[in-house]
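Chains as they are written, first to last, in our numbering: chain G, 12 to 132; chain D, 179 to 289; chain H, 7 to 107. Where is the CB? At the ideal position from N, CA and C, for every residue including glycine.
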């Protein structure tokens with residue numbers, strides 16, 4: 012069995028205008044399915060990915076944001092959201108579809124340094 | 179790209195036999211796919227197939243095998259939430275084969 | 007005829023909307039679409055610039071894109087929401103039309 016690595020996926024893009032968020036989520040799920048220690052971080056416009064009640068039927072695209080709620084099934088339990096990014100967008104954890112840990116930028120920077128591998132999209 | 183004929187109608191699939199559109203699914207689609215694999219669908223198979231339909235409706239993803247096993251254990255009982263039980267039902271791989279019969283895309287996390 | 011600008015980028019990621027507002031003359035119509043609709047939100051770091059712009063510009067945002075992003079309850083009052091039909095009407099009523107990419 013391959014070794015288990017601490018892998019963080021850093022999300023900085025809004026969800027529907029580009030494919031980055033969807034691809035990043037796919038990568039997170041695939042990584043977790045291979046039994047790795049996965050952490051997700053959301054900052055800048057990436058925090059928009061987690062906003063609840065997104066309904067993509069009017070724009071006729073797949074609503075991949077529903078899958079964020081399945082992250083516990085994939086044993087992805089470390090979900091960090093940067094406080095400064097939420098504040099700049101007038102959002103609070105109550106606006107999000109999943110339970111997250113809100114970290115300030117300094118703390119998030121520390122958590123990034125603790126990883127073996129970091130991907131960003 | 180491919181098609182599957184169900185009750186005289188052609189339904190589009192991808193190159194691996196997964197439906198292109200989840201909405202094209204009905205029980206007949208599952209039975210037709212199973213027949214092609216020489217697999218007779220029992221109530222135990224249907225339970226997993228319907229579970230997957232519901233999972234997809236809720237989360238819009240086809241779960242990877244590990245996730246499927248765990249989720250089934252939680253929802254249908256621990257005696258069913260193990261790979262032995264699921265592999266006996268779906269010998270080609272519980273996630274891959276059952277997702278295909280359920281009209282879902284290929285599971286995320288399956289290579 | 008008045009001019010119409012469309013903006014499809016989030017104002018907190020790119021400066022397209024900021025630049026567009028800086029160049030828009032009084033009476034210009036601005037339609038926020040795709041990720042541009044994040045620019046229509048109240049209580050963000052960009053909101054003060056938007057409030058100022060509303061005093062001299064007509065600002066619209068595409069409702070399907072707002073609903074897709076789950077932000078329908080957070081739109082700044084004064085922004086007019088339009089559907090795809092309304093998008094077409096705006097294009098027909100203005101000239102020229104410029105997509106501020």
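In DSSP terms, what residue 120 (chain H) is bridged to: Outside the shown range of chain H (7 to 107) lies residue 120 (chain H), about which nothing can therefore be said.
Does the beta carbon of residue 130 (chain G) sit closer than 9 angstroms to a beta carbon anywhere in chain D? With 9 angstroms as the cut-off, residue 130 (chain G) does not count as an interface residue toward chain D.
Beta-carbon proximity list for residue 229 (chain D), same chain, < 7 angstroms, skipping 5 on both sides: Once the five neighbours on either side are set aside, the close Cβ partners of residue 229 (chain D) are 250, 253, 254.
With distances taken from CA atoms, which of H:76, H:68, H:72 is nearest residue 76 (chain G)? Per the Cα distances, H:76.
Among H:23, H:91, H:19, whose alpha-carbon lies nearest the alpha-carbon of residue 11 (chain H)? Closest by alpha carbon: H:23.
Determine the closest residue to residue 213 (chain D) out of D:184, D:236, D:190, D:199, with distance taken between C-alpha atoms. Of the listed residues, the one whose Cα sits closest to residue 213 (chain D) is D:184.
So, is the C-beta of residue 248 (chain D) closer than 9 angstroms to a C-beta in chain G? Among the CB atoms of chain G, one or more fall inside 9 angstroms of the CB of residue 248 (chain D).
So residue 51 (chain H) and residue 99 (chain G) are in contact, right, with Cβ under 8 angstroms, and what is the actual spacing, rounded? Right, the Cβ-Cβ distance comes to about 4 angstroms (below 8 angstroms), so this counts as a contact.
Any Cβ of chain G within less than 9 angstroms of the Cβ of residue 220 (chain D)? No, residue 220 (chain D) lies away from the interface with chain G (no Cβ there is under 9 angstroms from its Cβ).
Out of curiosity, what's the CA-to-CA distance linking residue 278 (chain D) and residue 203 (chain D)? If I take the Cα positions, the gap works out to 10 angstroms.
Starting from the beta carbon of residue 25 (chain G), find every residue of chain H whose beta carbon is closer than 8 angstroms, and list them in chain order. Correct list: 16, 19, 41, 44, 75.
Who are the Cβ neighbours of residue 289 (chain D) in its own chain at under 8 angstroms, not counting the five residues just before and after it? Summary for residue 289 (chain D): the model assigns pLDDT 48, below 50, so the residue's position carries little reliability, and this model does not support an answer.
How many Å lie between residue 120 (chain G) and residue 89 (chain G) at the Cα? Residue 120 (chain G) and residue 89 (chain G) have their C-alpha atoms spaced approximately 15 angstroms apart.
Within 10 angstroms of its Cβ, does residue 60 (chain G) collect 16 or more other Cβ (buried), or is it exposed? A residue is called buried once 16 or more other Cβ atoms fall within 10 Å of its Cβ, and residue 60 (chain G) is buried on that count.
Is there at least one Cβ from chain G nearer than 9 angstroms to residue 286 (chain D)'s Cβ? Yes, contact with chain G.
State the Cα-Cα distance for the pair residue 261 (chain D) and residue 51 (chain G), rounded to the nearest angstrom. Going by the C-alpha atoms only, they are around 28 angstroms apart.
Return the bridge partner residues of residue 114 (chain G) from the DSSP annotation. According to DSSP, which records beta bridges pairwise, residue 114 (chain G) is partnered with G:93.
Looking at the C-beta of residue 94 (chain G), does it have a partner C-beta in chain H at a distance below 9 angstroms? Output row for residue 94 (chain G): interface = no.
Cα-Cα, which of G:15, G:35, G:28 is closest to residue 71 (chain G)? The residue with the shortest Cα to Cα distance from residue 71 (chain G) is G:28.
Can you give the beta carbon distance from residue 94 (chain G) to residue 114 (chain G), rounded, assuming they're within the 8 angstroms contact cut? A Cβ-Cβ distance of about 7 angstroms is found for the pair residue 94 (chain G) and residue 114 (chain G), placing them in contact under the 8 angstroms criterion.
Out of curiosity, what's the CA-to-CA distance linking residue 104 (chain G) and residue 182 (chain D)? Roughly 46 angstroms between the two C-alpha positions.
Give me, in chain order, the residues of the same chain whose beta-carbon lies closer than 8 angstroms to that of residue 47 (chain H); leave out the 5 immediate sequence neighbours on both sides. Leaving aside the five residues that flank residue 47 (chain H) on each side, the residues in its chain whose CB is nearer than 8 angstroms to its CB run, in chain order, 53, 77, 80, 81, 82.
Answer with yes or no whether the minimum CB distance from residue 242 (chain D) to chain G is below 9 angstroms. Residue 242 (chain D) counts as touching chain G.
Proximal chain G residues relative to residue 237 (chain D), where beta-carbon distance stays under 7 angstroms: Those within 7 angstroms of residue 237 (chain D) in chain G are 77, 78, 80, 81.
When DSSP labels each residue in this structure, what does residue 108 (chain H) get in the three-state scheme? The structure shown does not extend to residue 108 (chain H), since chain H is modelled only from 7 through 107, so no value can be given for it.
Within chain G, the residues that residue 70 (chain H) reaches when beta carbons sit closer than 7 angstroms: Around residue 70 (chain H), the beta-carbon contacts reaching into chain G at under 7 angstroms are 69, 70.
Round the Cβ separation of residue 282 (chain D) and residue 240 (chain D) to the nearest angstrom and send it over; I've been treating them as touching at under 8 angstroms. Contact between residue 282 (chain D) and residue 240 (chain D) holds, since their C-beta atoms are separated by about 4 angstroms, short of 8 angstroms.
Reduced DSSP secondary structure (H/G/I, E/B, other) of residue 98 (chain G): Helix.
Would you kindly check if the distance between the Cβ of residue 243 (chain D) and the Cβ of residue 84 (chain G) is under 9 angstroms? For residue 84 (chain G) and residue 243 (chain D), no; Cβs fall outside 9 angstroms.
To which residues of the same chain is residue 286 (chain D) closer than 7 angstroms at the C-beta, ignoring the five residues directly before and after it? A distance below 7 angstroms between beta-carbons, with the five flanking residues on each side excluded, links residue 286 (chain D) to the following residues of its chain, in chain order: 239, 240, 242.
Taking residue 231 (chain D) as the reference, give the member of D:180, D:273, D:265, D:186 with the closest Cα. Ranking the options by Cα distance to residue 231 (chain D), first place goes to D:273.
Which residues mark the beginning and the end of the alpha helix (DSSP H) in which residue 107 (chain H) is found? Per DSSP, residue 107 (chain H) belongs to no alpha helix (DSSP H) and is neither H nor E.
Top-ranked residue by Cα proximity to residue 30 (chain H), from H:97, H:58, H:16: Selected option, being the one with the closest Cα: H:58.
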